[in-house]
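Note that the sequence shown covers residues 2 to 382 in the numbering used here.
Just so you know, even glycine gets a beta-carbon here, dropped at the ideal spot from N, CA and C.
Worksheet for the structure shown next.
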Amino acid sequence: MRCLAGLIFSVMLCAQSPRTPPAILAQPLQPDRPFPGWSSLRGRVVVVDFWATWCAPCLPGLDKLVQMEKEFAGQPVSFLTVARDELGRVKKYFAEKGLSLHTFVEEDSKTFDAWGVRGVPAAAIVSGTGVLMGPTAGENITSEVIRKVLAGETVDLPPIGRSPNLEWDRDEIQWQDGVAPDFHVVIKPTEAFGGGTMYKLGSNRISGDGAILVNLITAAWRTDYFHLDLRLPEDDKRVFRFAAVVPKGREAHLFPALQDAVQRTFGIRAEWEEQLRDVFVLTREPGAPALPVSSSPESSMFMRGNITMKHQTTAKLSETLTNFLKKIVVDETQLKDFYDFALSYRTDGPGVLLAALKEKYGLVVEPARRRVRVLVVKAAP
């Protein structure tokens, strides 16, 4: 799956021509290892990796840096990383993994902004003469590239695709008669890198960008990847943007209209059915104190390793946990009120999230077998 609905990270690049690298303004992870300044690094090739503990594609990149640091030991090559994260969380991750990379951490985006990075993962390389190449996708910084830069070459690193515009149908389309239609469904190709979906509960419109077919399906049927049973002959990786609008007062027709368009466009048929599945069940720990009932306005936010949900049911929490635990979560708490939840997570495993559920809210997640509603997607006859 390319991305979680609503939830996605991308990189917007500044000019790709060689330029002088900005300073690293983030706080050093180890206080005795501040950023030395580019004048002190003159003559060394420097690889700079941008990452976060909550970014699943970022963590293998750290392992790659460790291996390259060993490979180029004794040569004029330095490796730096900058994490958009919380200092304590990065310290804990480094301690657990035994990492000692020269690392800097910031909760704001000063260093990211200075380097033209709008999300993670990303990376750049600086030559011994101070020429900046990138940012680019981290996978493009290879041992071969480092050897070329060591030899004095300026490497043309490929930029990452353009950032998604979730409201592209409002921002980028101008109707020649000046009147927008009351009803439309549009699905068209795009080159956006990353993406997501924009929908406000009860709205008469939904739009998205940077979506592959599976993202269109989860958006149209308001489900998640783990409630899908895909029986298609091939995995369609083409990338699209989409928008659907129905007249105000006809909001109930929004998702059926998008579902019909997706089925007709891609030649598929989707139907719900009950299936017996391996799942997780969310339950109350015996003897746990009662959860305080929420008086907050309803809201949900999932950002930079934090899950913040206000005035939500445990059923809604279970839906959210499904995406983070990568398996369907069934609510069996028997709780019916609305509550506030503030949880931390990491993408290298569920331990941090499960511990927070138990310690803060007396909630436990256990494996089980249950019959659940699943969307079966087949090629249309």
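query, result
"Nearest residue (CA-CA) to LEU277, options PRO37, TRP176, LEU376", "LEU376"
"For THR198, the nearest candidate out of GLU173, ASN166, ARG239, ASN205 (CA to CA)", "ASN166"
"Minimum length 3: unbroken beta strand (DSSP E) runs contained in the region 203-272", "206-212, 229-232, 241-246"
"Residues bridged to GLY197 (per DSSP)", "ASP210"
"Span of the alpha helix (DSSP H), counted from its first residue to its last, around LEU318", "315-326"
"GLN68 - DSSP class collapsed to helix/strand/coil", "helix"
"Nearest neighbour of VAL215, chosen from ILE269, VAL247, GLN175, HIS254 [CA to CA]", "ILE269"
"Cut-off 6 Å between Cβ atoms - residues of its own chain near ARG206, not counting five sequence neighbours on either side", "VAL246"
"Cβ distance (whole Å) where LEU217 is taken to contact PHE241 below 8 Å", "7 Å"
"Segment contact, 8 Å Cβ cut-off, at least three pairs: the region 324-341 with the region 222-234", "yes"
"Close-in-space but distant-in-sequence residues of the same chain around HIS254 (CB under 8 Å, 5 per side omitted)", "VAL247"
"Span separating the alpha-carbon of GLY352 from that of GLY363", "15 Å"
"At least 3 beta-carbon pairs within less than 8 Å: the region 121-136 vs the region 90-109", "no"
"With 16 other Cβ atoms within 10 Å as the buried cut-off, status of SER208", "buried"
"PHE184 classed as buried or exposed, judged by whether at least 16 other C-beta atoms fall within 10 angstroms", "exposed"
"CA-to-CA distance, ALA27 to ASP114, given in whole angstroms", "11 Å"
"CA nearest to the CA of ARG85, picked from TRP169, ASP172, ARG239, ASN307", "ASN307"
"As assigned by DSSP and simplified to three states, the class of GLU173", "coil"
"Contact between the region 336-346 and the region 311-320 (3+ Cβ pairs under 8 Å)", "yes"
"Whole-angstrom distance between ALA53 and ILE397, CA atom to CA atom", "Missing from the structure shown is residue 397; the chain here goes from 2 to 382 and no further."
"Cβ-Cβ distance between ALA221 and ASP170 below 7 Å", "no"
"Of the residues ARG45, VAL330, THR348, LYS361, the one placed nearest ALA57, counting alpha carbons only", "THR348"
"8 Å contact criterion, which GLY131 and THR21 should meet: CB distance rounded", "6 Å"
"Check whether THR104 and THR82 have beta carbons under 7 Å apart", "yes"
"3 or more residues per run - each beta strand (DSSP E) lying fully within the region 107-154", "123-127, 133-137"
"Reduced DSSP category for ARG90 - H, G, I as helix; E, B as strand; rest coil", "helix"
"LYS359 - DSSP class collapsed to helix/strand/coil", "helix"
"Residue of GLU286, PHE281, LEU355, GLY250 minimising C-alpha distance to ARG371", "PHE281"
"Anticipated Cβ contact below 8 Å, LEU283 with THR334, distance rounded", "6 Å"
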